[in-house]
Each structure stands twice: as structure tokens, then as C-alpha cells.
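Note that the UniProt record's numbering gives residue 199 to position 199 of the sequence shown, counting from 1, and the numbers run on in steps of one. Reading through the C-alpha cells given below for one structure.
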Amino acid sequence: MQVRIAGAPISWGVCEVPGWGFQLPAGRVLGEMRSLGLVATEFGPVGYLPDDPAALLAAHGLRAVGGFVPAVLHEPGRDPRPEVGAVAARYAAAGADTVVLAADTGRSGYDARPELDAAGWATLLSHLDAAAAAVTAAGLTPTLHPHVGTMVETAGDVERVLAGSAVPLCLDTGHLAVGGADPARIAAEHPERVAHVHLKDVDAGLAARVRGGDVSYAEAVRAGMFRPLGKGDVDIAGVVRSLDATGYTGWYVLEQDVMLTGPDADPLPDVAAGVDYLRSL
Numbered sequence: 001m002q003v004r005i006a007g008a009p010i011s012w013g014v015c016e017v018p019g020w021g022f023q024l025p026a027g028r029v030l031g032e033m034r035s036l037g038l039v040a041t042e043f044g045p046v047g048y049l050p051d052d053p054a055a056l057l058a059a060h061g062l063r064a065v066g067g068f069v070p071a072v073l074h075e076p077g078r079d080p081r082p083e084v085g086a087v088a089a090r091y092a093a094a095g096a097d098t099v100v101l102a103a104d105t106g107r108s109g110y111d112a113r114p115e116l117d118a119a120g121w122a123t124l125l126s127h128l129d130a131a132a133a134a135v136t137a138a139g140l141t142p143t144l145h146p147h148v149g150t151m152v153e154t155a156g157d158v159e160r161v162l163a164g165s166a167v168p169l170c171l172d173t174g175h176l177a178v179g180g181a182d183p184a185r186i187a188a189e190h191p192e193r194v195a196h197v198h199l200k201d202v203d204a205g206l207a208a209r210v211r212g213g214d215v216s217y218a219e220a221v222r223a224g225m226f227r228p229l230g231k232g233d234v235d236i237a238g239v240v241r242s243l244d245a246t247g248y249t250g251w252y253v254l255e256q257d258v259m260l261t262g263p264d265a266d267p268l269p270d271v272a273a274g275v276d277y278l279r280s281l
């Protein structure tokens, strides 16, 4: 288990959304990952790590896992393959093995999204297959990440993807829970579709307020909706045990989305608590 636990810069408040919060430097983040005994990391936002990050990662004793790639998939005239293929090629050159696709809205942030009709869903699923093929051509594993504020957010959206596409899932326990899905059920019923895992815990009360429109996604994150593993309301242990029992051999990426207020903020204790909890399983 220990060699399958990876980090992600978002646990240190590093996010692609403009104005998200204070962004810690990569040297500190990678160094703290290694201090926790982590052996690998996702890339974080475009530009956070160098285009060729091999030397920087090696200096911190880390390897590349892959990373989050938002792509607009629902617009008929927008071919995702050139952009996704270029990112996949960079990831492959860095020694990564996974591309985590998200069905981007084309808007900034994750507080709102348009609704799709049947034609829009047909386009999204077709473009998702095309984007996945571009990733596979680069020698990496494509996955789709259901994510709040994207075109694949709710439990119903996930079912559409499972039924209408063969693309594997990035099982993000936090975003699935906020979207109203049950990550433990998906892990148990569709283990063959899970190729990558993001582990985050959730305050169910704040998640319900996001679904109900009482608070925005950003406001909920700022209020601490994502909790250290084992300290929220998601059955993290059930997810991990279910996947291990069915032969899952991919990465468990620790993600606790946070917003930092400044350079004195210290996310390390929460990440360390998550590492300890996952190892205890």
C-alpha cells in the first residue's frame, strides 16, 4: 500500500482556478510530500511544474503519476484531441502513466455549469472517447474524473458515462459524494471501471448545501468541506477495502482540496493525518 500512495498539489492549496488562494512554491510542496514518505505526485495546474519536471521530481525522490486535464467535450465544433494529446505526450515524457480528464464547462471555476440535452450528451460521450484514444496513443491510461462544476458532476451524470462510454473512471471519493453519488457503491459495483483513485473525505452537511444551492462550491471549500481522511462522512475504508479485494493495483492519490490564506498557512498536518489513516487500512 505505501508504494501506491501519491500526493497532489491541491492538498497544499495549489489549484488552477484564478483567485483560489495563496499558492505555495513547488519546492516546498514536493519536499513536504517526500517528508511524509510519499513516492509520487500528480502534476498540479499547468505551469506549476516545469514542462520537463524529471530533474525537479528526482531531486525530491518522487516520480510522476499524471494529472488533471480539463477539456471541453460537449461543444460539437471543438475537437479535444490536439490539446489532450499534447498534454499526454508531455506526461509520457515525464514518466507518468495516467491522464485524469474532466469534462470542463469552458467557464472559470466550478460554481456553475450548463445543462446538456440529449444531443449535447451524445457529443460529450463521443468526444470523451476521442480524447481517451489520444491518451492511449501516447501510451498512458485515460480516466474521467467526475467533478463538481463540470459537465459530469451528479450521480446521474456518472451513470450516463458508465453506460455510454468505455472510458475508465478516476474515482474521486470527495467529488462523487458532493455530487450526490455513493463512491463506495461505485467501487463495489463497477471495480473494472476504476483505473485511478483520488481520496478525499467530505463534510456531508456542507456538501448537501452545495447541492441545494445554498452555498457555492468555492465557499464550501473555503469553509472546510473537504476533511482529512477518516474525519468526514465518506466511507473511505470501505472504498479502499472494496477496491483492494477486487484486485485494484493503481494509485491512491491523497487529495484534500483547500484554500490557503497566505504563506504562513500549514496544510502539512492535515495531509500527514490522511497518510497515517490510509496506511492504517
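The beta-carbon is built from N, C-alpha and C at its ideal position, and this holds for glycine as well. Since the model is a prediction, treat every value here as computed from it, not as a measurement.
Asked: Close Cβ partners of Ala204 (< 6 Å) along its chain, the five nearest in sequence each way excluded; Found: Asp233
Asked: Burial state of Asp117 (16 or more Cβ within 10 Å); Found: exposed
Asked: Contact the stretch 115-133 vs the stretch 263-281: 3+ CB pairs below 8 Å; Found: no
Asked: Among Trp12, Gly21, Val158, nearest to Glu189 - alpha-carbon criterion; Found: Val158
Asked: Among His127, Ala208, Phe22, the one whose alpha carbon lies nearest that of Ala220; Found: Ala208
Asked: Local Cβ density within 10 Å of Arg227, reported as buried at 16 or more and exposed below that; Found: buried
Asked: Residue 371 burial status per 10 Å Cβ neighbour count (16 or more: buried); Found: The structure shown has nothing for residue 371, since the chain only spans 1 to 281.
Asked: Contiguous beta strand (DSSP E) assignments of at least 3 residues, all confined to the stretch 134-208; Found: 141-144, 169-172, 194-199
Asked: Val167 beta carbon less than 8 Å from that of Ala8; Found: no
Asked: Residue 283 in three-state terms, based on DSSP; Found: No statement about residue 283 is possible, as the shown extent of the chain runs from 1 to 281 and does not include it.
Asked: Spatially closest choice to Pro146 from Glu255, Leu169, Ala137, by CA coordinates; Found: Leu169
Asked: Cβ neighbour criterion (16 or more within 10 Å) applied to Glu192; Found: exposed
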